[in-house]
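Chemist:
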DNA sequence: TAATGTTTGTAAATCCATTAAACAAACTTA
DNA sequence: TAAGTTTGTTTAATGGATTTACAAACATTA
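Residue numbers (the working numbering), protein chains in the order written: chain W, 1 to 390; chain X, 1 to 390.
(1) What number of angstroms, rounded off, separates the C-alpha of residue 349 of chain W from the C-alpha of residue 122 of chain W?
(2) How is residue 94 of chain W classed by DSSP in three states: helix, strand or coil?
(3) With the cut-off set at 9 Å, would you say residue 172 of chain X and residue 155 of chain X are in Cβ contact?
(4) Within 10 angstroms of its Cβ, does residue 324 of chain X collect 16 or more other Cβ (buried), or is it exposed?
(5) Between residue 327 of chain X and residue 239 of chain X, how many whole angstroms is the CB-CB distance? I'm expecting something under 8 Å.
(6) Compute the Euclidean distance between the alpha carbons of residue 134 of chain W and residue 106 of chain W, then round it to the nearest angstrom.
(7) Taking the Cβ atom as the reference point for each residue, do residue 75 of chain W and residue 22 of chain W lie within a distance shorter than 9 Å?
(8) Find the residues of chain W that neighbour residue 322 of chain X, judging by a C-beta separation of less than 7 Å, and give them in chain order.
(9) Starting from residue 76 of chain X, trace the alpha helix (DSSP H) in both directions and tell me its first and last residue.
(10) Hey, quick one: how far does the alpha helix (DSSP H) through residue 21 of chain W stretch, first residue to last?
(11) Round the Cβ separation of residue 33 of chain X and residue 10 of chain X to the nearest angstrom and send it over; I've been treating them as touching at under 8 Å.
(12) Using a threshold of 9 Å, state whether the C-beta atoms of residue 310 of chain X and residue 244 of chain X are closer than that.
(13) Could you run through the region 112–140 of chain W and flag, in chain order, every residue whose CB is less than 7 Å away from some CB of chain X?
(14) At a Cβ cut of 9 Å, what residues of the region 28–54 of chain X count as close to chain W, listed as they run along the chain?
(15) Using beta-carbon positions only, say whether residue 331 of chain W and residue 362 of chain W come within less than 9 Å of one another.
(16) Taking 9 Å as the cut-off, decide whether the C-beta atoms of residue 141 of chain W and residue 184 of chain W are in contact.
(17) Are the C-beta of residue 4 of chain W and some C-beta of chain X separated by less than 9 Å?
(18) Following the continuous beta strand (DSSP E) through residue 169 of chain W, name the residue where it begins and the one where it ends.
(19) Drop a sphere of 10 angstroms on the beta-carbon of residue 271 of chain W, count the other beta-carbons inside from all chains shown, and report buried for 16 or more, exposed for fewer.
(20) For residue 98 of chain W and residue 128 of chain W, what's the separation of their Cα atoms in angstroms?
(21) Assuming residue 214 of chain X is part of the beta strand (DSSP E), what are its boundary residues?
(22) Threshold first: 4 residues or longer. Then list the alpha helix (DSSP H) segments lying entirely within the region 233–297 of chain W, N to C.
(23) Leaving out five residues on either side along the sequence, give the residues of the same chain with a beta carbon under 6 Å from the beta carbon of residue 191 of chain W.
(24) Would you kindly work out how many angstroms separate the C-alpha atoms of residue 393 of chain X and residue 153 of chain W, rounded to a whole number?
(25) Where does the unbroken alpha helix (DSSP H) through residue 199 of chain W begin, and where does it stop?
(26) Taking only beta-carbon positions, decide if residue 333 of chain W is within less than 9 Å of chain X.
(27) Decide yes or no for the touch test of the region 367–387 of chain W against the region 193–203 of chain W: beta carbon pairs closer than 8 Å, at least 3 of them.
(28) Would the beta-carbon of residue 206 of chain W fall within 9 Å of that of residue 302 of chain W?
(29) If you drop the 5 nearest sequence neighbours on each side, which residues of the same chain put their C-beta closer than 6 Å to that of residue 381 of chain X?
(30) Measuring alpha carbon to alpha carbon, tell me which residue in W:275, W:286, W:304, W:110 is nearest residue 261 of chain W.
(31) How would you call residue 274 of chain W, buried or exposed, if buried means at least 16 neighbouring beta carbons within 10 angstroms?
(32) Is it the case that the Cβ atoms of residue 320 of chain X and residue 237 of chain W are separated by a distance below 9 Å?
(33) What does residue 283 of chain X touch in chain W if you count any residue whose Cβ is under 8 Å from its own?
(34) Using the C-alpha atoms, what's the distance from residue 83 of chain W back to residue 378 of chain W?
(35) Determine the closest residue to residue 235 of chain W out of X:216, X:277, X:316, X:225, with distance taken between C-alpha atoms.
(36) Based on DSSP bridge pairs, tell me the residues matched to residue 29 of chain W.
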C-alpha cells in the first residue's frame, strides 16, 4: 500500500486509457474515445493534445461524417520509438527491432556457443551495438531492451540459474543497462514466448493462456488475467518436470516419469536412436523422413503427440485456461503431432473445461520469444502506470 | 476499461487504504496512518471521520505519548455487522456467523441428504432463517451470505454442475437473494477453503498459495497475488484429475491414472477393503486402527501420503506457490501422512522452487470452507472498490 | 439555396479531494 | 517554567475532471 490516490494518479489513469484506445482502435476520433471511455469530451481533448505533443499520437486528417462535423482522426504513432528484443539461446543469439506495435523492422541472428559467460557477454554486446546502428531515426530512439534467457530470473533482472548455459547469478540487466544506458528487462524464454504470442500472435484475444515451449525440454509461460504469472520465486513454468508416470524413469531433476521425458525433442531423438542407424539425428532429418512417408518415423511423432496430449490434459484440469499454445522447436512438427495429441486430449479431458478451450500451435514460430522480449521493453516504456480498477 | 479516474475514485482508493490500516494494524492513530500511507494528516483525518460516522471504526481513548500530545487510538469496529457463511456439503449443511474479522459467533450443522434439489433448498432456507434469528444486534446486520458448494459455478452465482449432488444449472445466488434480500456470493468448496485459509488460517502471509482439499476426491483452490484464480470458465482446481500414471487405471472422468485414484479418501478406502474384512470402512475406523498400531493400516496411510507428495511435486513445478495447504477430510490424518509425503517431496522436487515453499496441513480443519464463505461475504461488503496500482 | 438539426471539438466556470501551511492543544523533557 | 514535540484541525491553494455553453463544420430536407 505505497501508492495513494491523488490528482496525478487520476491523470495517469485517464491518459493511459486514452492511449489504450488510440493504440487499439485507431484511427479513432476524440468524440468516439469520449463516448467509449465515459470521459468527457473536454478531458479527452486535453489528454489527446498532450499525447500529440509527446509524439505518441498523430492527427491524420478528417474522417467520414455521420451527419455533422467531420471528426479529426487520431493514429497511434508506432514509429515514435523502437524496441530491441533479444532471444539469448544456448547456441545462438537472435535479435529484432520492432516499432511500438511490434512490427519487425530489423532482424539479426548469429550462431554462438553461449556457455562461457564472458564470451557470451561480448557477443551479446556486439549484437546490441550492431542493432543500435540499424535503428531508424525516431523521437524516442530505442525505448528499451528486452532479453529472453534459457533460465530463471528474479524480478530484479538477475539470472538466478540457467542450467543449459551453466550460468548462476548473473546480474544481466545491470550489466547491459550500465553499458548502454537503456532500460533493460530480463525474463525467461518461455515467459517471453507467452507474452509474444499474447501480444502479437495466437493469444491476442485470450486473458488466461498457457504457452508451452517444447524444445530440448519443456517450459511454460503462464498468463493470467492478461498478466504474466511468474510464481512466488520466478519458477512457475517448470512444468516439463511434472510427472506423468509416478514410477517412470528417473529424471535428472530428482523426479520420475517427467513429462519432458516423453514429449520433447530429446524424447523424440532418444526414441529415434533405437530405430535409425544414422549417427546424426536431428529435427530436419526426422522431418524429411516423415515427409517421405517412413512409417517408423511417423510413429515416433505420433507417440510424442500422444504424450503431449497427456500433459496438456493435466494443465487443462488444473488451470482451465482459455487457450493453450504449443511453441518451441517441436511445434515445427505440428502437422505430424496434432492428430494423436487431439485424440488423447479428446479422450482424456473433462468435458466442461475442454468445451471452451482452444489449442493452437505457435503463430510466431521461432520468433515468439524475441517478440515477447520486445513487448517487455514496450510495456515498460508505456507502463509508467498500469492501473486496474474493479 | 469502463472505470475512469476521477475524484470519486481517488477518495474510494484512499478510504479503502485507511480502512485497510485500521483493520490490520489497530489500535492505530491518525498520525501513524498518515505517516505509513503517505497521505497527509488532513486527508486521513477527514476520511477517518467518515469511517467513524459509518461505524466501521471507533475511537477507544488516548494511547501512549512519544514526547508530545497523546494520540487518539482507532479500532476497527468488527461488530458493525456480521457475515453468514454456509458450507453446502453432499450430506450436510454447515453454517457459521462471524463478525467482520472472521471470528465465529454462532455455529450450526445439520446432517441432510442434499441430492434432491428441492429438499436441499428447503433445508438451506430453514438453516439461513435459523441463523438470522441468532445474529447479534448491530449497525449493518448481516452484510452478506457466502455459500460454498461441491461443484462448479460461473461468475454470476449460478451452479453449473455439481457432480456429487447431481445438480446442473441452479441459479442459487438469485434464489437466495430473492428470498432474503441480502447479497449472496456462491463459489466452489475448494475455492472457499483456499480463501478461508488465506484470510483466517495458515495462509495469512502468503500471496500465492494452493489449497488442496482431499476428501472423496481432490479439488484445489488457487490464490494468485492474493486473489482467487477461478480459471477462464470457473474450472480451475479440478486437479484431482491430473494424471500421475498415463497408462494407469481409467477414471470415470475419461482420463487414466488420475491423482485422486491414488491419494484420496476413496483411494484409501478401496485399498483398505483389500485388507480388512469389516463391512463398514470409514475414516474413524481406519484412524483408530492406525492409532492402535495396526501395521497394515499404517502402511495404507503411508502409501496415500507418498502419492499426495507425487501430486504436490507436480503442483510445485508448474505453479511455484509460496505455500501449499492440505485440507479436507484426509487432512485429519495429517500426522500419519506427513512423513511419507515429505519424503517423496524431498526426493522429487526441484531444489530451487522447493527452497522457499512451505507446506502445511489446514489450520481451520473442517471450517476452512465455511469461513471462506464468510470472507466472500465480507469482501463483497467492503470491496465496493478494490484498487491496485503499480 | 436556405433552414434545420447533428456532430465535433474547444472554452469558461464550477466542483471537489488532496496538499501544503499554519495553528492550537496536549504532552514530555530539561 | 520554558522549550521542543506530537497530534489533529483549520484554511487556502492546487489541479484534475465535470458541467455548461458555444462555435465551427457538416448532412438532410424542404
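In this text, a Cβ means the ideal position worked out from N, Cα and C, and glycines have one as well. It should be emphasised that the depicted structure is a prediction, and the values quoted were computed from it without experimental measurement.
Modeler: The short version:
(1) 48 Å
(2) strand
(3) no
(4) buried
(5) Not confirmed; about 14 Å, so no contact.
(6) 7 Å
(7) Cβ atoms of residue 75 of chain W and residue 22 of chain W: closer than 9 Å.
(8) 232
(9) Run containing residue 76 of chain X: none in the alpha helix (DSSP H); it sits in the beta strand (DSSP E), 72–76.
(10) 7–25
(11) So it is not a contact: roughly 17 Å between Cβ atoms.
(12) yes
(13) none
(14) 36, 37, 38, 39, 43
(15) yes
(16) no
(17) yes
(18) Residue 169 of chain W -> beta strand (DSSP E) spans 167–170.
(19) buried
(20) Rounded to the nearest angstrom, the two C-alpha atoms are 14 Å apart.
(21) 209–214
(22) 265–273, 283–291
(23) If we look at residue 191 of chain W and ignore the five residues flanking it on each side, its Cβ neighbours are 221, 228.
(24) Since the first residue of chain X shown is 1 and the last is 390, residue 393 of chain X is not available in this structure.
(25) 189–200
(26) Residue 333 of chain W does not count as touching chain X.
(27) yes
(28) no
(29) 143, 144
(30) Here the closest residue by C-alpha is W:304.
(31) Residue burial is scored here from C-beta neighbours: residue 274 of chain W has fewer than 16 other C-beta atoms within 10 angstroms and is therefore classed as exposed.
(32) Contact: yes.
(33) Residues of chain W passing the Cβ test: none, with the nearest at roughly 24 Å.
(34) 6 Å
(35) X:316
(36) W:73
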